[in-house]
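Report on the structure given below.
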Amino acid sequence: MKSKKEFIMNHKKIEANIEELIINGLEVVSDNFQIKNQNHKKLKELLLESFLLRSCAYWENFLEKEIILLVKLNPDTFKNYFNIQQNISLNENIIRAIIIGDKYRDWHDIQSLKSYFKKIINPNSNPFTELTNEQYSTVNFTYTLRNYLSHYSDYSRKILFSTYKKNYRYKKFIEPGSFLLKNKGKYFETLLHNFILISVTIRKKLGVPDGNNKIIK
């Protein structure tokens, strides 16, 4: 890897942003966080929901940037897939235009896109094969919550309730905020921290420093 600066900045950005959300979220959950309102529990739930939505926005921004950097790192596989002459130079804007112009625009479901990533990212620098099933499933569940919060449709509610029943054996539907507030914010912390774990896994695969010039072993 000729230059790691862009990778370092991309990873440093999402890890710092997610860590800030976790700290703020756990502060909201704590007994020390008091809201002068008789519906303080509801307001806490709404705050946690907003933090989860923001974490997904950070994740999508990070992932789009990371994919472009990975293609730019070694563009041969990308060029072969899109029938681009090897002597043509690609910058980030061109790569972004080609990718966004393709049918794959929603990057959050990385598990279903693994086969596509193999077609556009050089196998020697493709970190998505290193992610665990647990990391993938946690992202998917986070987005199940996010989709319900974003749409409040009957379909998104049905999918969320089905996931509740499967993963937590819930017999009654609860709003995402109530779920995130449970166990002193344990679920909230776990879901958001997963984004950091994925960033660390990718950095380890690529040999990218953690922002303090320390290589993850």
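Residue numbers for the sequence shown, in the working numbering: 3 to 219.
Backbone N, C-alpha and C define an ideal beta-carbon position, used for all residues, glycine too.
C-alpha gap between residue i and residue j, whole angstroms
i: residue 180; j: residue 186; result: 11 Å
i: residue 86; j: residue 212; result: 34 Å
i: residue 154; j: residue 88; result: 47 Å
i: residue 81; j: residue 208; result: 21 Å
i: residue 177; j: residue 160; result: 12 Å
i: residue 44; j: residue 54; result: 15 Å
i: residue 26; j: residue 98; result: 33 Å
i: residue 62; j: residue 119; result: 15 Å
i: residue 232; j: residue 158; result: Examination of residue 232 is not possible in this model, given that the chain is present from 3 through 219 alone.
i: residue 103; j: residue 168; result: 36 Å
i: residue 79; j: residue 60; result: 27 Å
beta-carbon residue i near the ligand GDP non-hydrogen atom, thresh 6 Å
i: residue 53; result: Among the components modelled here there is no ligand, and therefore nothing to report on the ligand GDP.
Residue i - DSSP class collapsed to helix/strand/coil
i: residue 129; result: helix
i: residue 178; result: helix
Check whether residue i and residue j have beta carbons under 7 Å apart
i: residue 83; j: residue 116; result: no
i: residue 10; j: residue 198; result: no
i: residue 52; j: residue 23; result: no
i: residue 162; j: residue 170; result: no
i: residue 204; j: residue 129; result: yes
i: residue 201; j: residue 16; result: yes
i: residue 231; j: residue 48; result: In the structure as shown, the chain begins at 3 and stops at 219. Residue 231 is therefore absent and cannot be evaluated.
Proximal residues to residue i (C-beta, below 6 Å), its chain only, five neighbours per side dropped
i: residue 193; result: 144
Own chain residues within Cβ distance below 8 Å of residue i, not counting five before or after
i: residue 12; result: 64, 67, 68 and 71
i: residue 196; result: 137, 140, 141 and 144
Nonlocal neighbours in the same chain, by C-beta distance under 7 Å from residue i, ignoring five residues either side
i: residue 77; result: 92
i: residue 148; result: 54, 55 and 58
Short CB-CB distance (under 7 Å) between residue i and chain D
i: residue 196; result: Within the model displayed, chain D is absent; a lone protein chain is all it includes.
Worksheet entry | Secondary structure, alpha helix (DSSP H): runs of 4+ residues fully inside the region 106 to 172 | Within the region 106 to 172, the runs of alpha helix (DSSP H) that reach at least 4 residues and sit entirely inside it are, in chain order, 116 to 122, 135 to 153 and 156 to 170.
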